[in-house]
Amino acid sequence: MLPLSHVLALSVTLFVIGAAGFVFRKNIITVFMCIELMLNAVNLAFIGFSRYLGNLDGQLFAFFVIVVAAAEAAVGLAIIIALYRNRDSLNIEDLDSMKL
Amino acid sequence: MATFSDTGLLLLITLIKIAVVVFVMLTAIAYLTWLERKVVAHIQSRWGPYLVGYSGLMQPVADGLKFILKEDIVPLEVDTIVYWLAPFLALTLAFLSIAVIPFGESFTIHGRTISFQITDLNVGLLFVFAVTSLGVYSVALAGWSSNSKYPLLGGLRSSAQMISYELSLGLAVVGVLMMAGTLSLRGIVDSQSGFWHIAGVNTFLPHWNIFVQPVGFLVYFTAAIADTNRVPFDLPEGESELVGGYHTEYSSMKFAMFFMSEYANMITVSCLATILFFGGWHGPVFGPYVLRVLLPVFWFCFKLFCFLFFYIWMRGTLPRFRYDQLMAFGWKFLLPLGLLNVLATSFVVAWISSP
Amino acid sequence: MPVRIETNLVPLFYIFGALAVVAALSVVAQRMPVHSALSLIVVLCSLAVVYLLLGAEFIAVIQVIVYAGAIMVLFVFVIMLLNAGRETPSHRSRMARWLGAPLVAAFLLEVLLAIWKQFPAGASHPAAAVDAGPAAIGHLLFRNYVLPFEVTSILILVAILGAAVLAKKEF
Chain E
178 MLPLSHVLAL SVTLFVIGAA GFVFRKNIIT VFMCIELMLN AVNLAFIGFS RYLGNLDGQL
238 FAFFVIVVAA AEAAVGLAII IALYRNRDSL NIEDLDSMKL
Chain Z
8 MATFSDTGLL LLITLIKIAV VVFVMLTAIA YLTWLERKVV AHIQSRWGPY LVGYSGLMQP
68 VADGLKFILK EDIVPLEVDT IVYWLAPFLA LTLAFLSIAV IPFGESFTIH GRTISFQITD
128 LNVGLLFVFA VTSLGVYSVA LAGWSSNSKY PLLGGLRSSA QMISYELSLG LAVVGVLMMA
188 GTLSLRGIVD SQSGFWHIAG VNTFLPHWNI FVQPVGFLVY FTAAIADTNR VPFDLPEGES
248 ELVGGYHTEY SSMKFAMFFM SEYANMITVS CLATILFFGG WHGPVFGPYV LRVLLPVFWF
308 CFKLFCFLFF YIWMRGTLPR FRYDQLMAFG WKFLLPLGLL NVLATSFVVA WISSP
Chain B
2 MPVRIETNLV PLFYIFGALA VVAALSVVAQ RMPVHSALSL IVVLCSLAVV YLLLGAEFIA
62 VIQVIVYAGA IMVLFVFVIM LLNAGRETPS HRSRMARWLG APLVAAFLLE VLLAIWKQFP
122 AGASHPAAAV DAGPAAIGHL LFRNYVLPFE VTSILILVAI LGAAVLAKKE F
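Residue numbers (the working numbering), protein chains in the order written: chain E, 178 to 277; chain Z, 8 to 362; chain B, 2 to 172.
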């Protein structure tokens, strides 16, 4: 048998790794990829709960998360391209023109 | 023979099936290159290879030896991991999709039923599309890791073309799915057995999907040719005759892997076309039990051969599209046509099945 | 004949879970964005296998087709077009880096402890296996969840328009 706590432990580990990468990395595309990692960890939690409650709604929600992540990735990468064209840098520390 | 547990026997049979399929695929790819060279040559009023073996039949063996023994040139400053990963990925993915393709009916030996299919997933068709989607990476990564302008642009163009035509590929199949009601490939073939009956009268047309989904078939086959980067959609590859494609900086065995993966993709796509639209292994079956088991496999291979011959025939005949014409064709013509096909099929299916 | 997942294939969960964790660490730790993208693809594919083991066969294949096969292709294209190279070292304080890793580890341990307390290993049994094939998901999607389905189609249309406008060269 596969206990639910093991599935959730994997989900939380991936989420914390993604969150750590989101905070520590400087390249904006890598930061975006850590966001996708966090979304996947949440998907895993949804599917784990769907299995243990015998309910398909969790899988439906994971499906919508995947679709919304696709839309978000498209728009986010377009923003990154526009940003690169204006700033010529992919480092988030260079996006500080609103600093005092 | 020692007594195996049930799982052990299943594992052994599956391993044997995998070995047979991989061996047959490798031989088929090798002799597909021979067939292509001969057919294209005869279309162009010349002989193909004829020196090595009778009518050039040992030419693939000679080519294989050449590839193995050639010097392996690796440019400096390539991204080593990605550079070596790309051809292996291409070949692995090309062979992975054969795992769900059914070649014939099942037969019984000693009370065990063995089917001519490595595994029958109930999302088998989606599995093939998943593997095709991952195949885009091998091209893009090959182009990028070569650290050179022309492979990068060739790789990006080729992968953009592949992902554009994958959409139409998926849409073309939806009509077939609505009629078969299942994503399992064996289920789709089973839904095409028998003959078409109109108002109770038996026309002697086989119950194949080509007769009710002609537009779907055309969209599917066109998108498949574009997805496998074959003529007339092979500008990213034809550039290699001029300047460079994504496999410029690859030599000997790695280039051979790209080459093999292209032919393996051709075979996979033709297998799918037979299964989805031409009834898979259905054909006249007669005779003793051994013949009844082997004849469906023969019919499947015969239909597969017809598709591959058609691919090669087109290579010898058609000029290639320019890149912007190619992309416009995929997005502005094929995709709307696929959508219209889905719309029309769904109306007809709903009308027929309504009480 | 389908093999019952609980019997022989549970060790596969641990194997692919470990692979996912190692690949996730690689996403965060690699210097070049292309290597991070490749590691993220490995994470997505191993998570797809885990979904299969949890009985979500349709979602597993959709994850590979959409997430690993389309979204990550978009990422890889953008990385290649913008020619993203190695990351330059940070200008920020070193103390943040030395303090950060232990804090992350402490946070992870705390949440794992909370899960272990809340869902003890012996007490949870999976409910009866529900058929999660495409037909069942389609039934739910087009009956109970038809409104989110239609709204996501509008969402995707808006995303296409937004991405096309944002990435244009000149206005």
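Yeah, the Cβ is synthetic: ideal placement off N, Cα and C, and Gly gets one too.
What are the boundary residues of the beta strand (DSSP E) that includes Z:V208? Residue numbering aside, residue 208 of chain Z sits at position 201 when the second sequence is read from its first letter. Counting along the chain, the beta strand (DSSP E) containing Z:V208 begins and ends at V208 to P213.
Review point. Does any residue of chain B bring its CB to less than 8 Å from the CB of E:L272?
Key: Translated into positions along the first sequence, residue 272 of chain E becomes position 95. No, E:L272 does not count as interfacial toward chain B.
* To do: On the DSSP bridge assignment, give the partners of E:N204 in chain order.
  => The count along the first sequence starts at 1 and reaches residue 204 of chain E at position 27. Bridge partners of E:N204: E:N268.
Practice problem: Could you round the C-beta distance between Z:I105 and Z:T235 to whole angstroms and report it? I think they count as a contact, below 8 Å. | Solution: Numbered from its first residue, the second sequence carries residue 105 of chain Z at position 98. Numbered from its first residue, the second sequence carries residue 235 of chain Z at position 228. With a Cβ gap of about 15 Å, Z:I105 and Z:T235 do not count as contacting.
key: Between the CA atoms of Z:S140 and Z:P239 - distance to the nearest angstrom   = The residue labelled residue 239 of chain Z in the question sits at position 232 within the second sequence. The residue labelled residue 140 of chain Z in the question sits at position 133 within the second sequence. Z:P239 and Z:S140: Cα-Cα distance of roughly 21 Å.
Examine chain Z for any beta-carbon lying closer than 8 Å to the beta-carbon of B:I6, and answer yes or no.
-> As a first step, residue 6 of chain B must be located in the third sequence, where it is residue number 5. Its pLDDT being 48, under 50, B:I6 is placed unreliably by the model, and nothing is read from it.
Determine the contact status of Z:A233 and Z:Y172, defining contact as a CB-CB distance below 8 Å. Taking the second sequence and counting its residues from 1, the one referred to as residue 233 of chain Z is at position 226. Taking the second sequence and counting its residues from 1, the one referred to as residue 172 of chain Z is at position 165. Taking 8 Å as the Cβ cut-off, Z:A233 and Z:Y172 qualify as a contacting pair.
On the premise that E:L216 lies in contact with E:A186, defined as a C-beta separation below 8 Å, what is that separation, rounded to the nearest angstrom? Counting from one through the first sequence, the residue named residue 186 of chain E turns up at place 9. Counting from one through the first sequence, the residue named residue 216 of chain E turns up at place 39. Not quite, the Cβ-Cβ distance comes to about 18 Å (not below 8 Å), so this is no contact.
Query raised in the report: In this structure, what does DSSP give as the bridge partners for Z:H204?
Result: Position 197 of the second sequence, counted from the first residue, corresponds to residue 204 of chain Z. DSSP lists Z:N209 as partners of Z:H204.
Fill in: Counted within 10 angstroms of its Cβ, other Cβ atoms place Z:N348 as buried (16 or more) or exposed
Indexing the second sequence from 1 puts residue 348 of chain Z at position 341. Its Cβ being crowded by 16 or more others within 10 Å, Z:N348 is buried.
(Q) Contact criterion: CB-CB distance below 8 Å. Does B:A168 meet it with respect to chain Z? (A) Taking the first residue of the third sequence as 1, we reach residue 168 of chain B at position 167. It does not; no Cβ of chain Z falls within 8 Å.
Within its chain, find whatever has a CB closer than 7 Å to the CB of Z:N216; leave out the 5 residues flanking it on each side and keep chain order. Here residue 216 of chain Z refers to the residue found at position 209 of the second sequence. V183, M186, Q199, L283 and F284.
ask   = Considering only C-alpha positions, which residue in the set E:G235, E:N220 and E:V252 is nearest to B:L156?
value = For the purposes of this step, residue 156 of chain B is taken as the residue at position 155 of the third sequence. It is E:V252 whose Cα lies nearest to the Cα of B:L156.
Quick one: any contact between the segment 34-41 of chain B and the segment 200-208 of chain E, if contact means 3 or more CB pairs under 8 Å? yes
Handout entry: Alpha-carbon to alpha-carbon, Z:G201 and Z:P303
Key = Position 296 of the second sequence holds residue 303 of chain Z. Position 194 of the second sequence holds residue 201 of chain Z. Within the model, the alpha-carbon separation for Z:P303 versus Z:G201 is close to 14 Å.
> Is DSSP giving Z:I125 helix, strand or coil here?
Replying inline: Reading the second sequence from its first residue, position 118 is the one you call residue 125 of chain Z. Here Z:I125 sits in coil by DSSP.
Endpoints, the beta strand (DSSP E) within which Z:I116 is located
Your numbering for residue 116 of chain Z matches position 109 in the second sequence. Its beta strand (DSSP E) spans residues S113 to I116.
Self-check item: Under 8 Å by beta carbon: chain E residues contacting B:I80
Solution: In the third sequence, counting from the first residue as 1, residue 80 of chain B sits at position 79. By Cβ distance, chain E contributes I206.
ask   = To which residues of the same chain is B:E58 closer than 7 Å at the C-beta, ignoring the five residues directly before and after it?
value = Counted from its first residue, the third sequence places residue 58 of chain B at position 57. These residues qualify, in order along the chain: A133 and G134.
| message | According to DSSP, Z:R119 sits in a beta bridge with which residue or residues? | response | Taking the second sequence and counting its residues from 1, one reaches residue 119 of chain Z at position 112. Z:I116, per the DSSP bridge assignment.
Which of the residues in the segment 46-67 of chain B, read from start to end, lie with their CB under 7 Å from any CB of chain Z? In summary, the residues of the segment 46-67 of chain B whose CB is separated from some CB of chain Z by less than 7 Å are E58, F59, V62, V65 and I66, in the order they occur in the chain.
Quiz item: Name the chain Z residues that come within less than 9 Å of B:N9, Cβ to Cβ?
Solution: Translated into the one-based positions of the third sequence, residue 9 of chain B becomes position 8. Per Cβ cutoff of 9 Å: T14.
Exercise for review: Return the residues of the segment 206-231 of chain E that lie within a Cβ-Cβ distance of less than 8 Å from chain B, sorted by chain order.
Suggested key: I206, T207, F209, M210, C211, E213, L214, N217, N220, L221, I224, G225, S227, R228, Y229, L230 and G231
*Under the assumption that Z:V46 contacts B:V74 (Cβ atoms under 8 Å), give the Cβ distance between them as a whole number of angstroms.*
For the purposes of this step, residue 46 of chain Z is identified with residue 39 of the second sequence, where counting begins at 1. For the purposes of this step, residue 74 of chain B is identified with residue 73 of the third sequence, where counting begins at 1. Contact doesn't hold; Cβ gap of about 34 Å is too wide.
Since Z:P303 is in the alpha helix (DSSP H), which residue starts that stretch and which ends it?
-> Start at 1 with the first residue of the second sequence, and residue 303 of chain Z comes out as number 296. Looking at the DSSP string, the run of the alpha helix (DSSP H) that includes Z:P303 is Y296 to T324.
- Task: Note down, in chain order, every chain B residue with its Cβ under 8 Å from the Cβ of Z:N236.
- Result: Locating residue 236 of chain Z in the second sequence gives position 229, where the first residue counts as 1. Neighbours of Z:N236 on chain B: none; closest Cβ ~16 Å, over 8 Å.
| query | Should Z:D241 go down as buried or exposed, given a rule of 16 or more other Cβ atoms within 10 Å for buried? | reply | Taking the first residue of the second sequence as 1, we reach residue 241 of chain Z at position 234. Buried, by the Cβ-count rule.
Just to confirm the assignment, what range does the alpha helix (DSSP H) spanning Z:A137 have?
Here residue 137 of chain Z refers to the residue found at position 130 when the second sequence is read from its first residue. It spans G131 to S152 - the alpha helix (DSSP H) in which Z:A137 sits, taken as one unbroken run.
Using the Cα positions of B:P3 and Z:N129, report the straight-line distance between them to the nearest angstrom. To locate residue 3 of chain B, count along the third sequence from 1; it is residue 2. To locate residue 129 of chain Z, count along the second sequence from 1; it is residue 122. Confidence at B:P3 is low in this model, with a pLDDT of 36, below 50, so the placement of that residue should be treated as unreliable; the coordinate-derived value is given next. For B:P3 and Z:N129, the distance between alpha carbons rounds to 10 Å.
Any beta carbon from chain E within less than 8 Å of B:M2's own beta carbon? Here residue 2 of chain B corresponds to residue number 1 of the third sequence, with the count starting at 1. In this prediction, B:M2 has a pLDDT of 32, which is less than 50 and means its spatial position is unreliable; what the coordinates show is noted afterwards. By this cut-off, B:M2 is not an interface position.
Problem set entry | Closest Cα partner of Z:L148 within the set Z:T189, Z:Y318, Z:V180 and Z:T87 | Residue 148 of chain Z sits at position 141 when you count from the first residue of the second sequence. Put simply, of Z:T189, Z:Y318, Z:V180 and Z:T87 the residue whose alpha carbon is nearest the alpha carbon of Z:L148 is Z:T87.
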